[in-house]
Every structure is written in C-alpha cells, then in structure tokens.
Amino acid sequence: MAVASLVQNISYAQIAAPLVVAAGAVMVLIAELFLAPRFKHVVSWLSLAVLAGAAAPDLALWPGRTHGTFCMPQSAIGMYASGPKTMALMPETCSYIADRFTLIFQFIALAGAFVVVLMSASSMRRDRIPTGEYHFLLLSSVAGVLVLAGSRDLISLTIALETVSLPAFALVGLKRWSGRSSEAALKFFLVSVASTAVMLFGISLVYGVTGNVHFGPVALHLAAVQGGPVRHLAYLGVGLTLVGFGFKVSAVPFHFWTPDTYAGAPVPIAAYLSVVSKAAGFAGLILLTGTAFSPLLHKTGPLLAVLAALTMTVGNLVALRQTDAVRLLAWSTVAQAGYILVPLAAHDPVSYVKHVNASIAYLIMYSAMNLGAFAVVHSVRGGTGLEGYRGLVRTRPLASAALAFFLLCLAGLPPGVMGLFAKVAVFGAAAGSHLVWLAVVMAVNVVVALYYYLAWAARLFVVPGGVSVPGAGAGAGAGAGAGAGAAAAAGVEAGRTPTTLRIAIGLTVLVAVVLSVWPQPALGAF
27 MAVASLVQNI SYAQIAAPLV VAAGAVMVLI AELFLAPRFK HVVSWLSLAV
77 LAGAAAPDLA LWPGRTHGTF CMPQSAIGMY ASGPKTMALM PETCSYIADR
127 FTLIFQFIAL AGAFVVVLMS ASSMRRDRIP TGEYHFLLLS SVAGVLVLAG
177 SRDLISLTIA LETVSLPAFA LVGLKRWSGR SSEAALKFFL VSVASTAVML
227 FGISLVYGVT GNVHFGPVAL HLAAVQGGPV RHLAYLGVGL TLVGFGFKVS
277 AVPFHFWTPD TYAGAPVPIA AYLSVVSKAA GFAGLILLTG TAFSPLLHKT
327 GPLLAVLAAL TMTVGNLVAL RQTDAVRLLA WSTVAQAGYI LVPLAAHDPV
377 SYVKHVNASI AYLIMYSAMN LGAFAVVHSV RGGTGLEGYR GLVRTRPLAS
427 AALAFFLLCL AGLPPGVMGL FAKVAVFGAA AGSHLVWLAV VMAVNVVVAL
477 YYYLAWAARL FVVPGGVSVP GAGAGAGAGA GAGAGAAAAA GVEAGRTPTT
527 LRIAIGLTVL VAVVLSVWPQ PALGAF
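In this note's numbering, the protein residues as written are 27 to 552.
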C-alpha cells in the first residue's frame, strides 16, 4: 500500500499545452540548423504554429470540469484548534490543476506570445538576432508560464517561475553587439537572483511551519497555527515568498530592473515582459494569496494595499518625466501593475473571491492595449524618443490612429472605453472590500496618468515647427516637400510596415475594439 500510494496518475490531456510548447521549442531550434539563411523566416511561422497548436487542448478542456493531475491520495492530519487536538481529512492534493483559472492565464500567455512572434518576425535580421535561439528561448519561457498557471504546490510554482525567468535573461541580451542590451540583461539577472533567493528562503520557512508544499494542506496548517514564535515565523515566510512575485509584476520597491531592462531589450521582448511575464507573476500571486496563504489574508491584504498604492503612484509620477517611448511604457506598466493589485488587497476570503475577477479582467484588457502600443512603437523606426512621434500622422496615419487608440485605452478615455471598464471594475473591487482610501489613491493616479498618455497622443497630430501644412498656400510640390520635412523633423523612417507587424497591430486593435464594445468576456472570465 505504501508503494501504491506513491504512484501518481498522469493525465497528458491536462498538461498537453505546456508539453506542446516545450516540444515545439526543441523543434524550432533543431529546424533552424537545417535551414538556409534565406529560409530562416520559416522558424517564425513554426513558432506561430506551435503556439496555435498549444491552444487546441486548452479549448478542448474549457467546457469541462476542473481537472487535476500529479495528485496525492487523501490523508488524515492532526490540527490544534482552540481546544484539544483534532483530526481532519486533508483533501486530495494535486501538483497541477487545469481549471478555469489555469486556462485563462494560459490563453493570455499563448495569445501574447503569438503577437510577440508576429512583432519580431520582421526585425530578426535587422537587429542581428539569432533566429533559432530567439524562438527556442521564447517558447521555453512560455512553457514556464503555462506550467506556473496550473501549479498547485510551492515546488512546481518555483521551478515554473524560474523557467519563465531564465530564458528571459538571455532574450533581453540577444542583441550581443549592443552594450545597452547586455547591461539590461545583467541588471535583470542580478535583481531576479536576489528576489529568488529571498523567495526561496520564505518558502523554506513556510515549509518548516506547515510541513507541506501543496497549497491546500499549507492553508489548513496556517489556519491551525496559534500565536507565538511559530505564528510570526509563518508571517515572515509568507511575506518573503511574495517578494519573488512582487519582482515579477514590477511592484514597488521591486521594480528597479523594469525601465532599464525594457529600454535595452528588443522591443518585442519588452512587450513580452510587460504582458506574458507579468501575467505569470500575477497568476502566482493570486494562487498564493487566494489559496495557500488565504488564512492570512488579514495580513497579506494590507501589505498588498500598500504595495498597490506605492506602485501606481511611483509609476505614474516617474512616467511624467520620460522622453523615451519605451521607458514611458515601462513606467506605465509599473503603474498598471498597481491597479491590478488593488482587488488582491482584500482583507477576507469572501471579498477576495468576489473581487479577484476584477484583477483578471483588468489583466486581459491591459494585455491587448499594451501589446498594441508596443507593436506600434516597434513599427516606428528611427528611434524611440517621444519627439520622433511629432506629426507622425502625416507619414503614418494608420499607425498614428492605432497608437492614439491604445493610449486612450490605457488612459481609460473614449473611444478606448475598454480601459474605462477595467478601471471601473477595479474601483468597484476596492469599494466592495472597504478600501476607500485605496480607491481615492487610484482615482488621483488615473488623473495624473491622463497627462502623459494624452501628451503623447497629441504629439502624433501636431505638425513639427517650421513645416507648413500641405495645400495651405503651396502647390503639390511644396506639400510633398513639407511631408518629407515632417518625416525628417520627426526622425522617423516612413518605410513600409512589414506584413507580420501589420497583422500584430491589426489583431490587437481588433481585440481592443471588441472588448470596448463587448467587455463582458473579460469582466466575466473567472
């Protein structure tokens, strides 16, 4: 019986998505070795096929019930309540569960990575990035995200988090000829190592207090721990464990790596870190605070409330001073992380379960508008300075309209009402959790953010100084000269946007428009 209890049933249907992506990562690396230089672009299409194929098993699982695999049998545990020792039957514990929560985050990761591959397909040769290594590392990181979303024990969660992070270090530094890229990768690596060390120490304390790593038993043991040194040890372990995920979501004060890493990385990788990697961090944060550490919500709630207020405030205030598009978006993602943290600051399980959907809905909508903004920035060649976008509408009208729309979505203004719906949901969660002070802080930050979003959007439609408007008292030749002058003044190349990049922008615009008209799929996702 002892031997039989160690045998775990494995349902390959539950873990099909991460298996497909992991196998695809190896496939694209090998395929690139046998392709002639002029056919290297085929690797991008292989990666897109892998990501699309990984979504198929998730779609098959979606209508069904909660599925678990790598499960341990039920067992009895002893717990101390207020009186004598009592016995409780521990529920079946699984290391991986493909429930609705898991599938939502897996869809976010697969869709986000799909857009990132489309963004990067046209710039591999221009940026001198090795194609096979790039897609291998990207798919490996995505596989980590998929596993993390389904992890239900501390060991699986930690390994999945590192699987997300380790390839990301290399992706940031793949522009080997750029000292800026190497510096960004080094900063990212050092801060990640420090935060991981702190997180592992916290996990060891949690294991020492509870004697278990599965979320369900950990929660039962934490609920049974009485006062005294053990209780304080549990508080310390839980707090240190959350540090690793605070780093991943760029929560202040664990955000220092974000602006330099985004600015030094290839723009598609900056987009990947801002959406897919951040989604992994929030998935882990929700799993820990909502399940494993749920008996301590009265402690983690105030902590996350303070982090949310600091994160949105610092992110927005520093963004006001930015003159580079990518660095502005980096600080914007810091501020947006603060908004997503607000519903997770609930002080009790009832409020947490009721309002956690607001965080998930905001993350879904944020993913579409942020990926779209990065895609347009990537399409504008010739530098990322904000002054380079002045008068862009004259040479790139469609790109300007798309970027203005995404900026309005991030600001929460019409016609980008998707962002407004997301912010209203978060406001409702804060009010429903009786966090009125946090709702007030968020309201002030939303007003502050309007300035830099609208200032950037306004630049797109302002003619550079000294350049006349075509047709205003000048002939066609003067108009053409003015258009060329506008492009020169902007410092932006008016070349043709590659097809894959146009598809990426079009997909994000389509999703943003649909969610602005019909937000219910995101608001009622979980």
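Think of the CB as a built atom: it goes at the ideal place given N, C-alpha and C, for glycine as much as any other residue.
Note that the coordinates shown come from a computational prediction; the quantities given were computed from them, not determined experimentally.
Extent of the continuous alpha helix (DSSP H) run through residue i
i: M623; result: This structure cannot speak to residue 623, because the chain is shown only from 27 to 552.
i: G417; result: Careful: G417 lies outside any alpha helix (DSSP H) and carries neither H nor E.
i: A86; result: 68-87
i: T184; result: 180-198
i: I529; result: 525-543
i: T337; result: 323-345
i: G253; result: Here G253 belongs to no alpha helix (DSSP H), and DSSP marks it neither H nor E.
i: H381; result: 375-405
i: Y38; result: Looking at the DSSP string, Y38 is not in any alpha helix (DSSP H), and its letter there is neither H nor E.
i: M468; result: 462-486
i: H161; result: 157-176
i: L299; result: L299 -> no alpha helix (DSSP H), and no H or E assigned at all.
i: F453; result: 443-458
i: T287; result: 283-290
Span separating the alpha-carbon of residue i from that of residue j
i: A78; j: V68; result: 15 Å
i: L246; j: G237; result: 11 Å
i: Y160; j: L197; result: 7 Å
i: A401; j: I531; result: 6 Å
i: A399; j: A425; result: 10 Å
i: S300; j: V54; result: 24 Å
i: K449; j: M395; result: 14 Å
i: G445; j: S542; result: 8 Å
i: F273; j: V368; result: 17 Å
i: A296; j: G290; result: 9 Å
i: G411; j: A48; result: 37 Å
i: P547; j: T128; result: 16 Å
i: L192; j: G263; result: 24 Å
i: A139; j: Y298; result: 7 Å
i: E209; j: H460; result: 43 Å
i: V217; j: V452; result: 29 Å
CA nearest to the CA of residue i, picked from the options
i: T326; options: A39, A372, V293, L129; result: A372
i: L268; options: G228, V239, A306, S303; result: G228
i: I390; options: A305, V368, V470; result: A305
i: R126; options: S149, M150, W88; result: W88
i: S320; options: A538, H381, G242, A427; result: G242
i: H281; options: L45, F133, R353; result: R353
i: I134; options: W544, T534, S542, V543; result: T534
i: L429; options: V473, V466, H93, A538; result: A538
i: A483; options: A351, L549, R202, T189; result: A351
i: A147; options: H460, A363, S405; result: S405
i: V59; options: G158, R416, L336; result: It is worth fixing the name first, because residue 59 is Leu in this sequence and not Val. Taking only the C-alpha atoms, the option nearest L59 is G158.
i: Y233; options: V219, L248, V293, A469; result: L248
Cβ shell of residue i (< 8 Å), same chain only, five flanking positions each side left out
i: I529; result: L144
i: A475; result: N342, A345, S358, A361, L436, A437
i: A43; result: A80, A81, P83, D84, Q132, L136, L172
i: G501; result: Its pLDDT being 35, under 50, G501 is placed unreliably in this model, and the coordinates cannot settle the point.
i: V419; result: S426, A427, L486, F487
i: P279; result: L336
Where the beta strand (DSSP E) containing residue i begins and where it ends
i: S121; result: 119-124
Cut-off 6 Å between Cβ atoms - residues of its own chain near residue i, not counting five sequence neighbours on either side
i: L311; result: F271
i: L266; result: V224, F227, G228
Cβ-heavy atom distance, residue i to the ligand SAM, below 6 Å
i: P44; result: What this structure holds is no ligand at all, so the ligand SAM is not there to describe.
Close beta carbons around residue i, own chain, < 7 Å, minus the five adjacent residues each side
i: I41; result: T95, Y122
i: G458; result: S377, K380, H381
i: P375; result: S320, L323
i: A186; result: G170, V173, L174, S177
i: I181; result: V239
- prompt: For the 8 Å Cβ check, are there 3 or more pairs between the segment 426-434 and the segment 376-386?
  reply: no
Take every Cβ of the segment 253-269, pair it with every Cβ of the segment 164-174, and state whether three or more of those distances are shorter than 8 Å. no
Could you tell me whether the segment 157-165 touches the segment 319-333, where touching means 3 or more Cβ pairs closer than 8 Å? no
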